[in-house]
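Just so you know, the sequence shown maps onto residues 1 to 1116 in the UniProt record's numbering.
Note that the Cβ used here is the ideal one computed from N, Cα and C, for glycine as well.
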Amino acid sequence: MGFKFSFLCDLLSDLEANRIVKASTAARSRDPDISTIDSWFKLHRRQIAEKDTDLLALLSCFFPEKRTDRVYWLQDASLARVIARCLLLGVSRKEELDSWRASGGSDLGQCVENVMRQAENYVPNGRELTLEEIDAAMDKLASRCRFSGPRLRRQHTAVDVEDTLGPLYRRVSSRDAKWLTRLILKSYCPVMLPGKFILHKIHFLLPHLLLLQDSFEAAAGMLSTSPLNCFQPCPEPGVARLLCENAIQYLIPRIGIKVGRPDFYKARSIKHCCQMVGRRRMSVERKYDGEYCQIHVDLSQQPDCIQIFSKSGKDSTIDRIGIHNVIKQCLRMGQRDCIFSRRCILEGELLVWSDREEKILEFHKLRKHITRSGAFIGTDSDSQPRPYEHLMIMFYDVLLYDNDICLAWPHRERRLLLKKLIAQIPGRAGIAEQEVIDFSRSDSKSCLERTFARGIAQRWEGFVLKCCDEPYFPILATDMDQTFGRWIKLKKDYIPGLGDTVDLVLIGGGYNSRDASALKGIQGLLWTHFHVGCLENKNAVSQFNALPKFRIVDVIDHHSLSQKFMHLLNSIGRFRACEPDSNSAFIVQKGRTDLPDMDAAFKVPFVVELLGSGFDKPSNASYFTLRFPRVLKIHVDRAFEETVSFAELQELAEKARSVPTDELLQETATWRKRVEHKDNRSEYIVDRSQDTTVSRCSTPSAASISPSSVSPSSRQVLSTSPSFPRHSLVTHSPGTSPLCQKIQTTWERSRARPVIKRRLSSAFQDVSEEGHQRKNQKISHASEQDIVIFTDNSQVSLQAQQTTPLSSCALTSLDNIQPRKDSADLGSRGSIMMASVQDENSVSQRATSHQLHDKTEVIERNRSTVVQETGTVSVPQNPDKAIPVKICLRSPLTTIPIYIGRSLSSNLDGRNHIPETRECRVTSDACHFIDELVNTKTRQALTRSNPAAASANVALGVVFVDINRRKRLLDEISTISTELATRISTTQQEVPSKGHLFVLDWRLLKDRTDIESSRFCLRQTWKQIAMDHFHSCITWDHNLSPGNVDRLQVEAQGPAEPRYSLAGQTGMAPGGDNKVSTTIHMAWDCTMLQGLGEFLSIEPLVHVNGDLYVDTKASV
């Protein structure tokens, strides 16, 4: 019978209902969607595995937006008319169906459910709609549209839309009709499906298979053939890894099926880029502003031997026929010196070249040379193609060469092969510009800054960094995790302060029900998109008070606005809105015809600062405006007369687009200074408040409004505009304590103090359920509130509680807090790290608990008071008299002994990622490792990273192992523990009184290539590392009573794993006749790892016990 569509609707409805659950506190630690999806697959695993279930239909209905080869020629308005005729609706019910058009109304899918609920369809058993029937109907609909893929177009027959959709709507319930409507519109919003997780649940090989064959049809076909059809769809994790390693040899690219693309990282600064690169050797390629092409060549298919795919996966061979001859010439096809004999797959960028100007032209020129399914789109205001302008292809990678799968080759080898394959033709075909930088060299950062500045000065789009020694996909390399193999994009608009910004106005708003469904979290939503305008008669308005005349140059939606801004514009805009026809405040002129109409005009326009990725000419427009605009700030205190006029906008665009050929060196030097200036700024941005008033609500103050993110997908720094007074925000929950109520008076009497804000860390997706939960846990506490802290004469000790809901309180009186006391002795579970450092999870009886912002640090100007989101705050009693301690700060991973597991040392998996500039050697011998622990030089080196541990005679060490190899892991721990116990019993050399050997997963060395960075001295850094890489801790203490300890017991994690007992390994520290017994045991508390980081901030350098330090290395 097939797979019932109602089963899929059950899942979608449950996920839609989870929106309420997600608002709860419990959802911060565990994503309810993951549990819902996992339960659904367990329930329907048998039906999915049945022969009647079509895997292609299942994938197409789960992810309709991925079927780019299907275009139905149906949008909300046309589909609503079809549905009304299919259901034979009367006048009143048809009006109710059309309520999706009303501002603030539901989307079309919800309106369909509301209408059909009034008269539910009766569907007898055995007549339920199946996914296979829906998939066949969608193929029929797509075959009638010329924008669909060639395969579907070849199936074209006389198709009546009502005859195709009518039977579907008459065989579903009202609830299922809602999801059928959204499926046709290719959007299940407000439900957002976790794609990788669902693919992994359908079949564990699907995520990998779709990388090499980016087609549901091809992937389903591969899984149905031998030997992959013998694999279980969802085996145990350990079995899945083995099967995946075995299946890699069968996952090969095929001619005629698009190969997927690697994931990209975005560099937020040169420093951030260098941190992601680590010490690798990178190819820095110029990023061209054109259209992506993946070119498949099969010489056996003459004369149609060339097939071209676009970025979306569509077959655009016919549309790009103008470049076919150039491809044949540069590949020397049909000639003796042709390098390949059968087939190849290449990647390149399609551009427009001008023979007159001898340069690559701008992106908008492509519209005149490339058709879309045989039609030129967006060229109404463009000039005719010039005879000296023509298409050009710039190649940058080769993926397949005859029978050689180049995807598994290192990038440098693929690049060498590309140079042999391509015969460059000036102005027609070329190879992307490239510069190789070895980031293990000390001057690598300077080289990258110079290259980046030169690219900006020449108006290049940016750069892409690819590792020279890594394959195209990380899954094609052994012992390489998913963080490798990804490329890094470096563009100026990714770096705060370097992008193009313009002050414009929002003069009106419109409503789109489909966009509104993705913004369900905003109450009272009236507008989902806003019209951007600029004055055409600015001089007349400012000099003669003429009636303003605005030209609409663009429309921005929720992709360009943060939710906070969207809520703000809807909240304030309702008091400024009027009907466009009754608006007498200004005149509106559309800049182009394809823009949506305004539903409301703002009598007082909003002044906004827009950030863009350069300037471009939009479709059907004769002017230039910002490309990919995002709202950076909203200026409530500015008048629209202060914004950029239309003429000034065109001047800015011309200046930003033109290359200063005569002053190129000067322009490059200027940009390099700007890049260095932005890169030298601390991770923390200091904003000085200049006002003594405060907003007590969570909404930004009217004088300065800054977004939580400059772009929807990026980590950004919150900042205020430098052109008007800045206000810090004090936020708190209702019903605060008397201490919090005292704050406003203290704030109003206090002088301004700097507020320091931290950038948010990005979380990486994981295919596994645990990965999704971990990601959710990392980002769930992100907040956009600032907590301002002032001092009085009381004594307070503060601690952040991670388990409490986030609501910020303003704090007072930190001047006379007593210094942090030494911790108690180490307990049996290792919950306290060291004598000189207080555990951050312990609470003093006199401490006052306050709920702190999870991602905010506040540091006073005198650098005597520090608040860290995860730790207790303590300040010396006399901060004014405190003298900073000088220290040459080093990363703990360069000062403490490191043990590399013997299973890793054999193939150097871990050792290759450890820096050479270490003060302690790296070893795989347990005896040598213990020698390093008791070495005097080691104790001296420890003072540069962990001064408190060194002064308390606490030994620290790190053991890197593969935690997935349980048996080998326990053997390594047993060997080290036995050697440690023997050394304590027999050695005449003094052994530190306490010690901690942290057992970590070796993949940390790959995930964090910047282990020499001083950021590893921060407690917060090790808190994040502990979540992913901590396994256990071997600890010892001379001071614990030996009465009941006579052996070392090593317990493995998990109830099903073996336990090892080493009898007779009691360690007796030498001490004459009065020997002291030393307890050695295992601890599983991941918070212990935070003890490796003894500092709360780098700038200023503040220790967890409140002491101030000065980094002598940084001050040189």
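Counting along the chain, no alpha helix (DSSP H) covers G510; the unbroken beta strand (DSSP E) around it starts and ends at D500 to G510. Here H203 carries a coil assignment [DSSP, helix/strand/coil]. Going by beta carbons, L152 and C61 fall outside the 9 Å limit.
Sequence-distant Cβ neighbours of D54 in its own chain, meaning closer than 6 Å and more than five residues away, are E132.
Following the DSSP letters along the chain, one finds V112 inside the alpha helix (DSSP H) bounded by residues L108 to M116.
In chain order, E609, L610, L611 and L632 place their CB closer than 7 Å to the CB of T501, counting only its own chain and leaving out the 5 sequence neighbours on each side. The region 527-579 is shown to contain whole alpha helix (DSSP H) runs of 4 or more residues at 538-544 and 563-573, in chain order. With respect to R514, L97 sits apart: the two C-beta atoms are not nearer than 9 Å.
Per DSSP, the unbroken alpha helix (DSSP H) holding G238 starts and ends at P237 to A247. Beta-bridge partners assigned by DSSP to E389: S354. In the three-state reduction of the DSSP assignment, L611 falls in the strand class. Secondary structure note for R281: it is in no alpha helix (DSSP H), and the uninterrupted beta strand (DSSP E) holding it is R281 to K287.
Out of P897, T943 and D925, the CA that lies nearest to the CA of C888 is found in T943.
Here the alpha carbon of V958 sits roughly 51 Å from the alpha carbon of A57. The C-beta distance from K489 to G462 rounds to 6 Å, short enough to fall under 8 Å.
The three-state secondary structure of I37, taken from DSSP, is helix. Shortest Cα-Cα distance from K359 to any of A375, H390, G378 and R342 involves H390. Within a 10 Å sphere around the beta-carbon of Y396 sit 16 or more other beta-carbons, which makes this residue buried.
If the five residues before and after S658 are omitted, its C-beta is found closer than 8 Å to the C-beta atoms of R459, all from its own chain and listed in chain order. For the 9 Å CB-CB criterion, V284 and E435 form a contact. Only residues of its own chain outside the window of five on either side were considered, and among them C1086 and L1089 have a CB closer than 6 Å to the CB of A1026, listed in chain order.
Taking C-beta atoms under 8 Å as the contact rule, P207 and W487 fail to qualify, at a distance of about 18 Å. Bridge partners of F463 according to DSSP: R286 and L490.
Under the DSSP assignment, V326 falls in the alpha helix (DSSP H) whose first and last residues are H324 to C330. Here C305 carries a coil assignment [DSSP, helix/strand/coil]. Taking the C-beta atoms as reference points, G510 is found no nearer than 9 Å to A621.
Around the beta carbon of L421, 16 or more other beta carbons sit within 10 angstroms, so the residue counts as buried. Assigned with DSSP and collapsed to three states, A102 falls in coil, not helix or strand. In the DSSP annotation of this structure, the continuous segment of the alpha helix (DSSP H) that includes L980 starts and ends at R966 to T986. Three or more Cβ pairs drawn from the region 215-228 and the region 243-255 lie within less than 8 Å of each other, which places the two stretches in contact. For Y169, the enclosing alpha helix (DSSP H) has its first and last residue at V161 to Y169. With contact defined as three or more Cβ pairs closer than 8 Å, the region 44-53 and the region 184-198 are not in contact. Between L525 and A516 the beta-carbon gap is near 6 Å, inside 8 Å, which marks them as a contact. DSSP places A653 within a helical segment (H, G or I) once states are collapsed to three. S442 is classed as exposed because its beta carbon has fewer than 16 other beta carbons within 10 Å across all chains shown. By the neighbour-count criterion, in which a residue is buried when 16 or more other Cβ atoms sit within 10 angstroms of its Cβ, N512 is buried.
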